[in-house]
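In the working numbering, the protein residues as written are 11 to 385.
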Ligand code: SAH
Ligand code: SF4
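In structure tokens, the structure reads:
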């Protein structure tokens, strides 16, 4: 069965190639793409305008299947979270966040994450594996089906009445450390024969993988969010260990280069607010100096606790004061409202279930204690 391909992971070129291998004309690939992504159809026999012999080939060599759902939670505020089985004891999460003017799906790109940020529950689980493109797109396909989007013509395709209008790569994992699958998934999400999402409404969030920010700029520049979290290298080295490889000056330079091609004229910087760690007036001043050369907006995220995190959320008054300092300097700054925290669906609480192949937990407990005691 190794030559059975999951069509959810093939972008337009990939699907055209497969269809050519099966002796089909390019327009068949487009038809198939529309059935799968715009109609949410998984049954080849229901694809009524495909020739019977082509459907027989598809039955033999292809499937359309999202990762199986292990759990489905709905929060009091309408946030919905699915725990999806990606095999070998690993599970990842996808979260739908309804708002008045949009519906946002937050997708995962890896089971676990190797970056291991100090304040992130996904990172604390260690890295298990990269998701395939079909497992990333499968989250969107499944969410559209579960939310009933395919029942309304066009609603899954970025037209009026769409249920999911925005996708953010802010679930579990570091998308730019799973570049090939992330790129294929992005292309499918933007494709007019698939979801037709606008580049401005798809956001990749990265902890700062500098060479891959440059690749994304060339290959598929969508909106970019960068997880900053600290205004100087010494602190960022502790909070986001990847900073030791790509320090702030290099990261800021990559952000400037990205903006030359980006669909929006600013980078969104995310900054998790950690009590007594990165939230002082002095940190705000340093931060302004750090981002001086990058047109940006800030999204301050009050830290979402998880068991044994060993860190605390900054008090609201501190967050307000920090935000005010950035606003006074002319930077658009929002404080992220916590959504879905009654179902552990808030930022950084996505834990899924990962076969931890490391001994990170013990090591991290020491890292956190050392950091907090040093302050
Ligand atoms: N790996 C990517 C995308 C996933 S994380 C990245 O780090 O950007 C999405 C956002 O949630 C990041 O900004 C991340 O730093 C933030 N986050 C992680 N843990 C958090 C926590 N416990 N509380 C609040 N935000 C958190
Ligand atoms: Fe990975 Fe992002 Fe979590 Fe850091 S914050 S450990 S990069 S998922």
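Built from N, CA and C at the ideal position, the CB exists for glycine as well.
Which residue wins for smallest C-alpha separation from residue i, given the options the options?
i, options, result
"residue 21", "220, 160, 201", "201"
"residue 208", "231, 218, 77", "231"
"residue 90", "79, 104, 99, 41", "104"
"residue 188", "174, 119, 243, 227", "119"
"residue 450", "332, 35, 123", "The displayed coordinates of the chain run from 11 to 385. Any statement about residue 450 would go beyond what the structure contains."
"residue 271", "194, 290, 223, 301", "223"
"residue 67", "284, 239, 55, 95", "55"
"residue 221", "334, 255, 84", "255"
"residue 241", "234, 129, 249", "249"
"residue 180", "140, 236, 144, 79", "236"
"residue 324", "126, 345, 304, 132", "345"
"residue 321", "128, 186, 84", "128"
"residue 92", "140, 69, 154", "154"
"residue 96", "84, 47, 144", "144"
"residue 131", "182, 112, 106, 117", "182"
"residue 82", "101, 74, 284", "101"
"residue 39", "298, 238, 198", "198"
"residue 257", "228, 217, 287", "217"
"residue 138", "125, 147, 149, 148", "125"
"residue 35", "214, 64, 47", "64"
"residue 227", "193, 115, 156", "193"
"residue 108", "123, 84, 195", "84"
"residue 310", "300, 282, 327", "282"
"residue 259", "44, 174, 300", "300"
"residue 98", "262, 106, 140", "140"
According to the neighbour-count rule (16 or more other Cβ atoms, all chains shown, within 10 Å of its Cβ), is residue i buried or exposed?
i, result
"residue 17", "buried"
"residue 367", "Confidence in residue 367 is poor, its pLDDT being 48 and thus under 50, which makes the residue's placement unreliable; the coordinate value appears in the next sentence. Looking at its Cβ environment, which holds fewer than 16 other Cβ atoms inside 10 Å, residue 367 is exposed."
"residue 337", "exposed"
"residue 134", "buried"
"residue 58", "exposed"
"residue 334", "exposed"
"residue 14", "exposed"
"residue 11", "Because the pLDDT of residue 11 is 42, which lies under 50, any placement of that residue in the model is unreliable, and the number read from its coordinates should be weighed accordingly. It is exposed - the Cβ of residue 11 has fewer than 16 other Cβ atoms within 10 Å."
"residue 342", "exposed"
"residue 29", "buried"
"residue 142", "buried"
"residue 289", "buried"
"residue 77", "buried"
"residue 25", "buried"
"residue 330", "exposed"
"residue 185", "buried"
"residue 19", "buried"
"residue 280", "buried"
"residue 318", "exposed"
"residue 70", "exposed"
"residue 264", "buried"
"residue 303", "exposed"
"residue 159", "buried"
"residue 340", "exposed"
"residue 312", "buried"
"residue 88", "exposed"
"residue 349", "buried"
Are there any heavy atoms of the ligand SAH lying less than 7 Å away from the beta-carbon of residue i, as far as the coordinates show?
i, result
"residue 137", "no"
"residue 282", "yes"
"residue 341", "no"
"residue 324", "no"
"residue 175", "no"
"residue 239", "yes"
"residue 180", "yes"
"residue 198", "no"
"residue 203", "no"
"residue 58", "no"
"residue 332", "no"
"residue 1", "This structure cannot settle anything about residue 1, because the visible part of the chain is limited to 11 through 385."
"residue 316", "yes"
"residue 290", "no"
"residue 208", "no"
"residue 303", "no"
"residue 215", "yes"
Less than 7 Å between the CB of residue i and some heavy atom of the ligand COA, yes or no?
i, result
"residue 238", "The ligand COA is absent from the structure shown, which contains only the ligand SAH and the ligand SF4."
Closer than 5 Å to the ligand SF4: residues, by C-beta to nearest heavy atom, in chain order = Qualifying residues come out as 123, 125, 127, 130, 132, 133, 184, 217.
Report the residue ranges of all beta strand (DSSP E) runs contained in full by the stretch 118-154; include only those spanning at least 3 residues, in chain order.
-> Correct list: 120-122, 137-140.
Kindly provide the ranges of any beta strand (DSSP E) runs that are 3 or more residues long and lie completely inside the stretch 50-128, ordered along the chain.
-> DSSP runs (the beta strand (DSSP E)) wholly in the stretch 50-128: 79-84, 90-95, 101-108, 113-116, 120-122.
At 3 residues or longer, and completely inside the stretch 167-195: list those beta strand (DSSP E) runs for me, N to C.
-> 176-179
If you scan the stretch 252-330 from start to end, which runs of the beta strand (DSSP E) of 3 or more residues do you find wholly inside it?
-> Within the stretch 252-330, complete beta strand (DSSP E) segments of at least 3 residues are found at 277-283, 306-312, given in chain order.
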